[in-house]
Every structure is written in C-alpha cells, then in structure tokens.
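Position one of the sequence shown corresponds to residue 78 (my numbering), numbered consecutively onward. Here the structure comes first, spelled out in structure tokens, and everything after it is commentary.
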Amino acid sequence: MIVAQNFPKLSQAVGTCRHFMLYIVEVS
C-alpha cells in the first residue's frame, strides 16, 4: 500500500501549507 505509506508525508505537507497560509493572514 504505497498510498498508506505516503499518507503521513501528505498529511504533514497539508498541515505545513495550512500553517503557512494562516501565518500570511496574520502578517497581512
């Protein structure tokens, strides 16, 4: 199951992107 193996990385990437967008909203 490649998808299950890569899911943590995908979830981490989504979390990082969300955090980055929230950071931009706070700054601007």
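Built from N, CA and C at the ideal position, the CB exists for glycine as well.
**Asked** What is the residue span of the alpha helix (DSSP H) that S88 lies within?
**Response** Here residue 88 refers to the residue found at position 11 of the sequence shown. Segment 79–104, the alpha helix (DSSP H) holding S88.
**Message:** Can you give me the C-alpha to C-alpha distance between P85 and E103, rounded to a whole angstrom?
**Reply:** The count along the sequence shown starts at 1 and reaches residue 85 at position 8. The count along the sequence shown starts at 1 and reaches residue 103 at position 26. Each residue's alpha carbon lies about 27 Å from the other.
**Request:** Give me the Cα-Cα distance between H96 and A81, rounded to the nearest whole angstrom.
**Result:** Sequence index remark: in the sequence shown, residue 96 carries index 19 (1-based). Sequence index remark: in the sequence shown, residue 81 carries index 4 (1-based). H96 and A81: Cα-Cα distance of roughly 23 Å.
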